[in-house]
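A.B. asks: In the working numbering, the protein residues as written are 0 to 398.
A virtual CB, placed ideally from N, CA and C, is assigned to each residue, including glycine.
Only a predicted model underlies this, so the values are computations on that prediction, with no experimental measurement involved.
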Ligand code: ATP
Ligand code: MG
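1. How about residue 42: is its Cβ closer than 7 Å to a heavy atom in the ligand MG?
2. Could you tell me the alpha carbon to alpha carbon distance between residue 173 and residue 214, rounded to whole angstroms?
3. Find the nearest neighbour of residue 311 within the set 354, 273, 298 and 246, judged by alpha-carbon distance.
4. According to DSSP, is residue 347 helix, strand or coil?
5. CB residue 144 to CB residue 164, shorter than 8 Å?
6. Classify residue 117 as helix, strand or coil using the three-state DSSP reduction.
7. Please specify which runs of the alpha helix (DSSP H), each continuous and at least 4 residues long, are wholly inside the stretch 165 to 229, giving them in chain order.
8. Could you give the uninterrupted runs of the alpha helix (DSSP H) lying entirely in the stretch 137 to 168, keeping only those of 4 residues or more?
9. Mind checking who residue 77 pairs with in its DSSP beta bridge?
10. Alpha carbon to alpha carbon, how far is residue 324 from residue 387? Give it in angstroms, no decimals.
11. Alpha carbon to alpha carbon, how far is residue 340 from residue 161?
12. According to DSSP, which residues form a beta bridge with residue 127?
13. Straight-line CA distance for residue 182 to residue 127?
14. Please list, in chain order, all residues of the same chain as residue 99 whose beta carbon is under 6 Å from its beta carbon, the five residues on each side excluded.
15. What do you reckon, is the C-beta of residue 201 under 7 Å from a heavy atom of the ligand ATP?
16. Is residue 96 close to the ligand FMN? I mean its beta-carbon at under 7 Å from any heavy atom of the ligand.
17. Using the DSSP secondary-structure output, state which residues sit across from residue 42 in a beta bridge.
18. Would you decide whether residue 364 is buried or exposed? Buried here means 16 or more other CB atoms lie within 10 Å of its CB.
19. Within a Cβ cutoff of 6 Å, which residues of the same chain sit near residue 107, ignoring the five residues on either side of it in sequence?
This is the structure:
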């Protein structure tokens, strides 16, 4: 039930109204509601000033007070309530120099990016649609509010957002909007990489990624984005939705000689680590030549990550990455191998470095790590059982 989220938030609008303020739902939630899609978060816009919002509600958090956003806690849920805003001049094709709080809804929706995102709805589900957003939704059209060139000149992130919505919704980009995007694409070099990455993550996971990605290629958008600008994105085929991490891993494996630094994407360390893991899986896959290679591969990488990569086999092949025969490595065989592994991790080995030192009677050194890895491989391969006396015997003859 998509309506129920609005029902839960309705008292906030009603409370603002009973205090003589206007209040509306706006943005993505109204768009998704009109498209009968699930709604994730609700944005509320109001004529009340931040301090007036704070005066009315018992529990508030001033998360973005200077931009007019107050978090209202109601029935245990958090709602972002933002004062109607107009924007001053823009600097550097990104954020406006200043924002003004205003009392008219029209001024607020006028600064929003696309007609489908500029529709307001009151607590009784009455729609206020100044820019034909509903008609554009019905016709599956992405169109800027006002003049496309001006709007993209003000904030170039809107170009990437437009393509992101195309990837998610499969809509067509209206002609002037498309030309505006093309003319202003180089301005995305002024944007912060964090803002771009947020949109790219949504874009690559979009169901209609193919056309959107082709547009990114056609606009040569990647030439202006840190990290990506080192790669030749025209070599890449992206015609099905992929997690952002896999997209990056594919690119790195496809063009291994390019020196792009993940740090330039300013993503978290965990994300970087995950990309590295996917990269290793993609590079190791074609090297699987025998059953023991396969066992070690499943042991070294998590089953979940391998299975995840395998679901993209078609895409991997399309991007000219070497692959392994699906007759050998497939979801079924990976699961079978994983279930038969004698140990799950190094920690389970029944012998440790100290035992080894005592046995071999050599001073500690890098050989120790190599020897432990050899033992680990032998256990995985079934050469030796993971039982201490057996391992000791094995060490005496092999290390
Ligand atoms: P999603 O469903 O992915 O959250 P959304 O449309 O709600 O999509 P948000 O990034 O949450 O997108 O932004 C909320 C609203 O704020 C948008 O619907 C739009 O009205 C406005 N908005 C966001 N970014 C911009 C921008 N760069 N320029 C103009 N308006 C914007
Ligand atoms: Mg949103």
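C.D. replies: On the basis of the coordinates in this document:
1. Result yes, Cβ under 7 Å from the ligand MG.
2. Going from the Cα of residue 173 to the Cα of residue 214 covers about 13 Å.
3. Per the Cα distances, 246.
4. In the structure shown, residue 347 sits in a helix (DSSP, three-state: H, G or I).
5. Not closer than 8 Å, so no.
6. Note: residue 117 maps to coil in three-state DSSP.
7. Along the length of the stretch 165 to 229, whole alpha helix (DSSP H) runs at least 4 residues long occupy 174 to 183, 192 to 203 and 208 to 217, reported in chain order.
8. Within the stretch 137 to 168, the complete alpha helix (DSSP H) runs of at least 4 residues are 147 to 153 and 156 to 168.
9. BP columns for residue 77 point to 72.
10. Cα to Cα, residue 387 sits roughly 37 Å from residue 324.
11. Taking the straight line from one Cα to the other gives about 48 Å.
12. In DSSP, residue 127 forms a bridge with 119.
13. CA-CA distance, residue 182 to residue 127, rounds to 31 Å.
14. So the list reads 85, once near-sequence residues are dropped.
15. Yes, the beta carbon of residue 201 sits closer than 7 Å to at least one heavy atom of the ligand ATP.
16. Of the ligands this structure carries, namely the ligand ATP and the ligand MG, none is the ligand FMN.
17. DSSP output for residue 42 lists 25 and 79 as bridge partner(s).
18. It counts as exposed.
19. Residues of the same chain with a CB within less than 6 Å of the CB of residue 107, apart from the 5 flanking positions on each side, are 44, 83 and 84 in chain order.
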